[in-house]
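As structure tokens, the structure follows; a few thoughts come after it.
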Amino acid sequence: MIGLDKNGIAKRIAKEVKDRYYVNLGIGIPTLVANYVRNDISVEFQSENGVLGMGPFPFEGEEDADIINAGKQTITTLDGASFFDSALSFSMIRGKHVDLTILGAMEVSQNGDIANWKIPGKMVKGMGGAMDLVASAENIIVAMMHTNRAGESKLLSKCSLPITGVQCVKKVVTNLAVLDVTQNGFTLVERAPGVSVDQIRQSTAGELHIPAHVPEMQLD
Amino acid sequence: MIKKTVANIQEACEGVSSSMTFMFGGFGLSGIPENAIGYLSSLDISDLTCISNNAGVDDFGLGLLLQRKQIKKMISSYVGENAEFERQMLSGELDVELIPQGTLAERCRAAQAGFPAFYTPAGYGTEVAIGKEARDFDGKMHILESAFNADFGFIKAWKGDEVGNLIFKGTARNFNPNMCGAAKITVVEVEELLPAGSLDPNQIHIPGIFVQRIFQGEKFEKRIEQRTTRPRS
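Chains as they are written, first to last, in this note's numbering: chain B, 12 to 231; chain R, 3 to 235.
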């Protein structure tokens, strides 16, 4: 594998988390982002099953079946945390009170469509809260590997899988690059350390706009 | 004072029958009405339509009703944790309607609050929107979703009193409050059932008016789906 590992992707996305943000983290790579957010800023993590102010995993022996995150993992809460019901949780999301949403994807298209809930005939897990999140959030970052296990690009001209939302993704961070979704399709913003523009071009099936200068990601 | 207490699970579930629509609170295995589910799985009823965010795991939660093939249709947002579920769905034995989680919560709340339907942006442009009215509000597209219509709602709360006032704990709250009063009959199981006057009225999450039957659950296993911890150093 070239480029970043999952923790590297999370580390880069953590730089997009700003002071006083309420942030919703999806399952998978997005969950790791919480580990890398600067500790000199104030951020609260929302989990759609009904908690704001999520903390780290509990110490062994202190797990509570009544306190979990959206991935059904046992968690803790921080000072200032609150619990609420599912309808209120989605009022936070649909009502645009959450500042940043970070989620995983199977495919993203050059116009910002995202697919992450179903592979017809093979895998049907459901959309969970993803459709609500992508339909309403104004600031959506996708965290994913640039290619799938078969080596095929996950950044496409058009999604081949059933979509989760239309024209909603603004930024994609992969193991290879940071890309913005713009009117010109994907615009290459940064390269992962040691990854060339050519490697990114070869791994991107959708339209890719490459500026004259593409800086390398700064991770620390 | 209008008392809602029933003596036991049998009395709490009186009137359930085949082909009914049931709602179940819970997110994953957290806050599921495990006493009611256990009892329903022992009854000779089938062809049920079940509304629940998830479908349990193979041997716990709604997985118990799936194992016994009592469920005809599931309405859920995420079902990734259950192999038997996936098998029945892919083989066509089980009808499954997957809907966005916020839409699921709001369809419960709408039923509770007396709204027949509402518009939401969630699912616009996707499979979820097929056959539904779409409408532009302030330049953004929304789809029309309807309130649920269920026969029984099965709820799990932490503490309750004999008039049906409820308090939930942690993220075991989830869909439970939204489902209270959303079905024709709301059945609540609590860990601790107290006399009226024991709970502070300021702290009540759901007033007893939304509850028809309340009982103290015999046993709460409270299984943890993903036990995650950090080292103590």
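In this text, a Cβ means the ideal position worked out from N, Cα and C, and glycines have one as well. These figures come from a predicted structure and were not determined experimentally.
In or out: residue i buried (at least 16 other Cβ within 10 Å) or exposed?
| i | result |
| --- | --- |
| R:A85 | exposed |
| B:A154 | buried |
| R:D163 | buried |
| B:F70 | exposed |
| B:D90 | exposed |
| R:E83 | buried |
| R:Y13 | The identity of residue 13 of chain R in the sequence shown is Glu, whereas the question assumes Tyr. R:E13 comes out exposed. |
| R:R175 | buried |
| R:K2 | The shown model of chain R, from 3 to 235, leaves out residue 2 of chain R, and the question about it has no answer. |
| R:K171 | buried |
| R:G63 | buried |
| B:H108 | exposed |
| B:D16 | exposed |
| B:G205 | exposed |
| B:E149 | exposed |
| B:N35 | buried |
| B:G37 | buried |
Please report the residue range of the alpha helix (DSSP H) in which residue i lies.
| i | result |
| --- | --- |
| B:V44 | I40 to V44 |
| B:V177 | Taken as a continuous stretch (DSSP letters only), B:V177 belongs to no alpha helix (DSSP H), as it is neither H nor E. |
| R:Q69 | G65 to Q69 |
| R:C52 | Per DSSP, R:C52 belongs to no alpha helix (DSSP H); it is in the beta strand (DSSP E), L50 to I53. |
| R:S44 | Note, R:S44: premise wrong, no alpha helix (DSSP H); not H, not E. |
| R:S19 | Neither: R:S19 is in no alpha helix (DSSP H) and is coded neither H nor E. |
| B:E149 | First-last for B:E149: undefined, no H or E at that position. |
| B:A234 | Since the displayed chain B opens at 12 and closes at 231, residue 234 of chain B lies outside it and no answer follows. |
| R:N1 | Here chain R comprises residues numbered 3 to 235, so residue 1 of chain R is not present and cannot be evaluated. |
| B:R202 | No alpha helix (DSSP H) contains B:R202, which is instead part of the beta strand (DSSP E) from G196 to R202. |
| R:E88 | A85 to L92 |
| B:Q210 | V208 to Q213 |
List the endpoints of the continuous beta strand (DSSP E) containing residue i.
| i | result |
| --- | --- |
| B:F94 | T88 to F94 |
| R:D153 | A152 to D163 |
| R:K75 | I73 to S78 |
| B:G14 | Premise fails: B:G14 is in no beta strand (DSSP E) and is neither H nor E. |
| R:T105 | Segment Q103 to A115 is the alpha helix (DSSP H) holding R:T105; no beta strand (DSSP E) there. |
| B:V7 | Nothing can be reported for residue 7 of chain B: it is not among the residues displayed for chain B, which extend from 12 to 231. |
| R:D97 | D97 to L100 |
| B:N35 | Y32 to L36 |
| B:T112 | L111 to L114 |
Flag residue i as yes if its beta-carbon sits less than 9 Å from any beta-carbon of chain R, otherwise no.
| i | result |
| --- | --- |
| B:D3 | No answer is possible for residue 3 of chain B: it lies beyond the span of chain B, which begins at 12 and ends at 231. |
| B:D90 | no |
| B:M155 | no |
| B:K165 | no |
| B:V62 | yes |
| B:V183 | no |
| B:I197 | Looking at the sequence provided, one finds Phe at residue 197 of chain B rather than Ile. It does not; no Cβ of chain R falls within 9 Å. |
| B:D143 | yes |
| B:S120 | no |
| B:E149 | no |
| B:P173 | yes |
| B:A45 | no |
Any C-beta of chain B sitting closer than 9 Å to the C-beta of residue i?
| i | result |
| --- | --- |
| R:S79 | yes |
| R:M25 | no |
| R:T188 | no |
| R:L31 | yes |
| R:L100 | yes |
| R:E95 | no |
| R:L137 | Checking the sequence, you will find Arg at residue 137 of chain R rather than Leu. Chain B contact via Cβ: absent. |
| R:P35 | no |
| R:Q228 | yes |
| R:E194 | no |
| R:V130 | yes |
| R:L92 | yes |
| R:Q103 | yes |
By the 9 Å beta-carbon criterion, what residues does the segment 166-181 of chain R contribute toward chain B?
F170, K171, G172, T173, A174, R175, N176, F177, N178, P179 and N180
Are the segment 79-91 of chain B and the segment 214-233 of chain R touching by the rule of at least three beta carbon pairs closer than 8 Å?
yes
Residues within the segment 45-58 of chain R neighbouring chain B, beta-carbon criterion of under 9 Å:
N55 and N56
To be precise: take each residue of the segment 86-118 of chain B, compare its Cβ to all Cβ atoms of chain R, and keep it if any distance is under 8 Å. Which residues remain?
I86, F94, F95, D96, S97, A98, S100, F101, I104 and R105
Give a yes or no on contact between the segment 21-38 of chain B and the segment 52-60 of chain B, applying the rule of three or more CB pairs nearer than 8 Å.
yes
Per the contact definition of three or more C-beta pairs closer than 8 Å, is the segment 143-151 of chain B in contact with the segment 163-179 of chain B?
yes
In the segment 106-127 of chain R, which residues sit with their C-beta less than 8 Å from some C-beta in chain B, listed in chain order?
L106, A107, E108, C110, R111, T122, P123, A124, G125, Y126 and G127
Could you check whether the segment 183-200 of chain R touches the segment 155-174 of chain R, counting it as contact only if at least three pairs of C-beta atoms, one from each stretch, sit closer than 8 Å?
yes
By the 7 Å beta-carbon criterion, what residues does the segment 139-161 of chain R contribute toward chain B?
Listed by position, the residues of the segment 139-161 of chain R near chain B (Cβ gap below 7 Å) amount to none.
Report yes or no: do three or more beta-carbon pairs, one from the segment 113-120 of chain R and one from the segment 89-101 of chain R, lie closer than 8 Å?
no
Taking any Cβ of chain R, which residues in the segment 126-140 of chain B have a Cβ under 7 Å from it, in chain order?
Residues of the segment 126-140 of chain B that bring their beta carbon within less than 7 Å of a beta carbon in chain R comprise V135, K136, G137, M138, G139 and G140, in sequence order.
Take every Cβ of the segment 27-42 of chain R, pair it with every Cβ of the segment 75-82 of chain B, and state whether three or more of those distances are shorter than 8 Å.
In short, these stretches touch, since the Cβ pair count reaches three.
Any contact between the segment 137-149 of chain R and the segment 128-140 of chain B? By contact I mean 3 or more CB pairs, one from each, below 8 Å.
no
The segment 210-225 of chain B touching the segment 16-27 of chain R, judged by at least three CB pairs closer than 8 Å:
no
Contact the segment 59-76 of chain R vs the segment 58-74 of chain B: 3+ CB pairs below 8 Å
No: the two stretches stay apart, fewer than three of their Cβ pairs being nearer than 8 Å.
Could you tell me whether the segment 188-201 of chain B touches the segment 114-129 of chain B, where touching means 3 or more Cβ pairs closer than 8 Å?
When Cβ pairs closer than 8 Å are counted between the two stretches, the segment 188-201 of chain B is seen to touch the segment 114-129 of chain B, the count reaching three or more.
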